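The sequence shown begins at 33 in the numbering used here and counts up by one.
Structure, as structure tokens:
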Amino acid sequence: MCIRMLIVLSLFKILMAPTLFSSKISRISSINNMFKWIRRLAVFVVVLIIGIQCYRIHANIQHVLTYESMVKEVLAEDDIDNTTNVDLVLAMIYTETKGKTDDVMQSSESSTGVTNSITDRKESIRQGVTVLSENLEEAAHHKVDPWTAVQAYNFGKAYIDYVADNGGVNTVELAKAYSKNVVAPSLGNTSGQTYTYYQPVAMYYGGGKLYTNGGNIYYAKEVQFNLFLMRMFSRL
Numbered sequence: 033m034c035i036r037m038l039i040v041l042s043l044f045k046i047l048m049a050p051t052l053f054s055s056k057i058s059r060i061s062s063i064n065n066m067f068k069w070i071r072r073l074a075v076f077v078v079v080l081i082i083g084i085q086c087y088r089i090h091a092n093i094q095h096v097l098t099y100e101s102m103v104k105e106v107l108a109e110d111d112i113d114n115t116t117n118v119d120l121v122l123a124m125i126y127t128e129t130k131g132k133t134d135d136v137m138q139s140s141e142s143s144t145g146v147t148n149s150i151t152d153r154k155e156s157i158r159q160g161v162t163v164l165s166e167n168l169e170e171a172a173h174h175k176v177d178p179w180t181a182v183q184a185y186n187f188g189k190a191y192i193d194y195v196a197d198n199g200g201v202n203t204v205e206l207a208k209a210y211s212k213n214v215v216a217p218s219l220g221n222t223s224g225q226t227y228t229y230y231q232p233v234a235m236y237y238g239g240g241k242l243y244t245n246g247g248n249i250y251y252a253k254e255v256q257f258n259l260f261l262m263r264m265f266s267r268l
């Protein structure tokens, strides 16, 4: 009897084996299909996010380009001793405000000592171009690179002397040291307090760390990158 039962069980296992194997294959196939669906969904979401971001960048650039004629008018004024160019000014407008406030170049503080006190867009550009041109002339006089002049738009003209005494070329490391040791303490941050600046260029070059009241150490890099973006997107 036992032998017969063993024979029957053996036959049952043999007969059921293909079914069990097929069931396992089916489950594995279902899992694989699920992972494929998840991967496709993830790719779709990433592409969608990139597409939306590209659309926003393009829209912002097109808006900033509406200031091109105004920038040219300012650069052509006789009382503006400028050494800059239209593209650089537009890239700085994009960096500062995307052209969405009256003080498009955030130049009020250099004029009146009070932020956003300039309410005329052309006057904001005029003041911004004046400061930038003076910085570029000072940079040329000290034989430092032009991006030092751009960084000095954020830090103040004294940064040009600092770079001249420390290699003659603006770098994130120099800007960081100046921010920590000069700018931040002058505005009350003597403890080296920092915060995170969630901006792609800043995150790429230094993890986005900025010193409280220390200005933007990535400013020149941002303008440089935005200049590239504007040239690329303006051709589309």
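From the three backbone atoms N, C-alpha and C, an ideal C-beta is built for every residue, glycine too.
From a predicted model like this one, the values you see are computed outputs, not experimental measurements.
Next on the checklist: I want to see whether chain C comes within less than 8 angstroms of R71, judged by CB atoms only; does it?
Outcome noted: The structure shown has no chain C; it contains just one protein chain.
Item to check | Sub-8 angstroms separation of V269 and Y243 beta-carbons | outcome: Within the shown structure, residues of the chain are numbered from 33 to 268, placing residue 269 beyond reach of any answer.
Item to check | Residues that DSSP places opposite Y243 in a beta bridge | outcome: T226
Next on the checklist: Can you list, in chain order, the residues of its chain with a C-beta nearer than 8 angstroms to that of T151? Leave out the 5 residues immediately preceding and following it.
Outcome noted: D134, D135
Checklist entry - When the Cβ atoms of the stretch 85-99 are set against those of the stretch 216-230, are three or more pairs found closer than 8 angstroms? => result no
Item to check | alpha helix (DSSP H) runs wholly inside the stretch 66-138, at least 4 long, in chain order | outcome: 100-108, 118-128
Next on the checklist: What does the alpha-carbon distance come out to for the pair F257 and I60?
Outcome noted: 47 angstroms
Item to check | Contact check, V176 vs I192, beta carbons under 8 angstroms | outcome: yes
Item to check | Beta-carbon proximity check, A209 vs N245, cutoff 8 angstroms | outcome: no
Item to check | Euclidean distance between Cα positions of F67 and A171 | outcome: 57 angstroms
Checklist entry - Once you ignore the five residues that flank P178 on each side, which residues in its own chain have a CB closer than 7 angstroms to its CB? => result L168, A171
Item to check | Beta-carbon spacing of V255, A123 below 8 angstroms | outcome: yes
Next on the checklist: Measuring alpha carbon to alpha carbon, tell me which residue in I157, R153, S149, S139 is nearest N117.
Outcome noted: I157
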